[in-house]
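The sequence shown begins at 1049 in our numbering and counts up by one. No residue lacks a Cβ here, since even glycine has one placed at the ideal position from N, Cα and C. Note that the structure is predicted; figures quoted are calculated from it, not measured.
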Amino acid sequence: MARRRLNSRALITPLVLACIAGVSAAGEATAWPFGNRDANRTAAQAAAGGAGQAPAQTQALPAASSAAERATWARLEPLTRSVMWRREVEINPRDAEAVLGLASSLRQLGQHDAGVETIEAFRVYEPDHGGALMELGRLHIARGQGFYAIAPLERARDLDPRDWRVWSYLGVAYDQVRRNDDARAAWTQALVLSPDNPAVLSNVAMAMAAQGQATEAETILRRAVAQPGHTLQVRLNLALVLGLQGKIGEAEALLRRDLPPEQAEQNLQWIRARMNAGVRTWESVAGS
């Protein structure tokens, strides 16, 4: 298996794959929930002879959803969100919120190529949209191609150097291509802008784990999970690092608290298999 490291929102091991595998099959056909799209197409037809006969009226496209409607979509699972946002993009391909919503949903579904295509189509209109540049970088990182993430992320950084997120993503992209010094510098700057940010701390910790520094990584991840607003992914990263150090009991407690029983058991079996094989560093796991 080719080695890759992902960011803290997508756990950089097969451990998290069991957690998200049940969401949806990538590319699965989806029923359109908004009625017959043909009804939104042009209805004008040539008049059948006769002077003075007015041409048929063209039906307008449906209006975009309201801000309140869009706000409710955050609670939906990624497949449904992708359908909702795709409708909005069809209505207005220059709608930045809709484009980013669709690309993000596709990334969460593992449909990275489709997400890249969505962003690139939008960038024809707005090549320097900061949010689109960051999402493009995240999509490349998610499919393990950090090299292609660097240029858009560096452009986004130049446009808004005060945004901690772009520094955090840049660190992950640099780390994927083994530019370790650049990665550390990017994460340091992210923490200057957003001190003790759990997402950034998790990125730093997983990079250290990749270099065989599991004890140091554990310390940083414990600091991350102590911060308000830390995500499930940060706790799963901690469980991984604990498990690979042989601290199976604590790793199991975390997994069983956060995951359904069958998924927790699958992840535990995965960790135990690596431990029984003598794996002690993430670098070894990534190459398995």
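Residues of its chain near residue i, where Cβ-Cβ distance is below 6 Å and the 5 sequence neighbours each way are ignored
{"i": "L1239", "result": "V1248"}
{"i": "A1102", "result": "Residue placement at A1102 cannot be trusted, given a pLDDT of 46 that sits under 50; what the coordinates show is reported in the next sentence. Counting only Cβ-Cβ distances below 6 Å, and skipping sequence neighbours, we find nothing."}
{"i": "F1170", "result": "V1147, A1180"}
{"i": "G1178", "result": "A1204, L1207, D1208"}
{"i": "A1265", "result": "A1253, M1256, A1257, V1289"}
Helix, strand or coil at residue i [DSSP, three-state]
{"i": "A1294", "result": "Note that residue 1294 is Gly in the sequence shown here, rather than Ala. Residue state, collapsed to three classes: coil."}
{"i": "R1155", "result": "helix"}
{"i": "D1230", "result": "helix"}
{"i": "E1300", "result": "helix"}
{"i": "R1322", "result": "helix"}
{"i": "T1279", "result": "coil"}
{"i": "L1181", "result": "helix"}
{"i": "P1126", "result": "helix"}
{"i": "Y1173", "result": "coil"}
{"i": "P1309", "result": "helix"}
{"i": "Q1261", "result": "coil"}
{"i": "R1142", "result": "coil"}
{"i": "V1273", "result": "helix"}
{"i": "D1244", "result": "coil"}
{"i": "A1112", "result": "coil"}
{"i": "V1225", "result": "coil"}
{"i": "R1118", "result": "helix"}
{"i": "R1135", "result": "helix"}
{"i": "E1191", "result": "As written in the sequence, residue 1191 is Arg, which differs from the Glu given in the question. Of the three classes helix, strand and coil, the one that applies to R1191 here is coil, per DSSP."}
{"i": "A1074", "result": "Below a pLDDT of 50, predicted positions are generally treated as unreliable, and A1074, at 31, falls in that range; the measurement from the model is reported next regardless. The answer is coil: DSSP assigns A1074 none of H, G, I, E or B."}
Contacting residues, own chain, Cβ-Cβ under 8 Å from residue i (five flanking each side not counted)
{"i": "L1316", "result": "G1291, I1296, A1299, E1300, L1303"}
{"i": "R1155", "result": "G1163, E1183, R1186, L1187, A1190"}
{"i": "N1324", "result": "none"}
Contact under 9 Å by Cβ, residue i with residue j
{"i": "R1142", "j": "E1165", "result": "no"}
{"i": "V1172", "j": "I1198", "result": "no"}
{"i": "S1130", "j": "S1153", "result": "yes"}
{"i": "N1245", "j": "Q1293", "result": "no"}
{"i": "M1182", "j": "R1210", "result": "no"}
{"i": "E1202", "j": "L1218", "result": "yes"}
{"i": "G1194", "j": "A1221", "result": "yes"}
{"i": "A1253", "j": "I1268", "result": "yes"}
{"i": "E1136", "j": "E1145", "result": "yes"}
{"i": "I1319", "j": "L1288", "result": "yes"}
{"i": "W1215", "j": "R1205", "result": "yes"}
{"i": "D1176", "j": "L1207", "result": "yes"}
Contact set for residue i: own chain, Cβ-Cβ below 7 Å, skip 5 residues either direction
{"i": "R1134", "result": "L1150"}
{"i": "S1242", "result": "W1212, V1248"}
{"i": "A1321", "result": "none"}
{"i": "R1283", "result": "V1273, L1302, D1306"}
{"i": "A1231", "result": "G1219, Y1222, D1223, A1255"}
{"i": "H1278", "result": "P1246, A1272"}
Any C-beta of chain B under 9 Å from that of residue i
{"i": "E1300", "result": "The structure shown contains no chain B; it holds only a single protein chain."}
Report task. Note down, one range per segment and in chain order, each alpha helix (DSSP H) of at least 4 residues found wholly within the segment 1193 to 1223. Result -> 1194 to 1207
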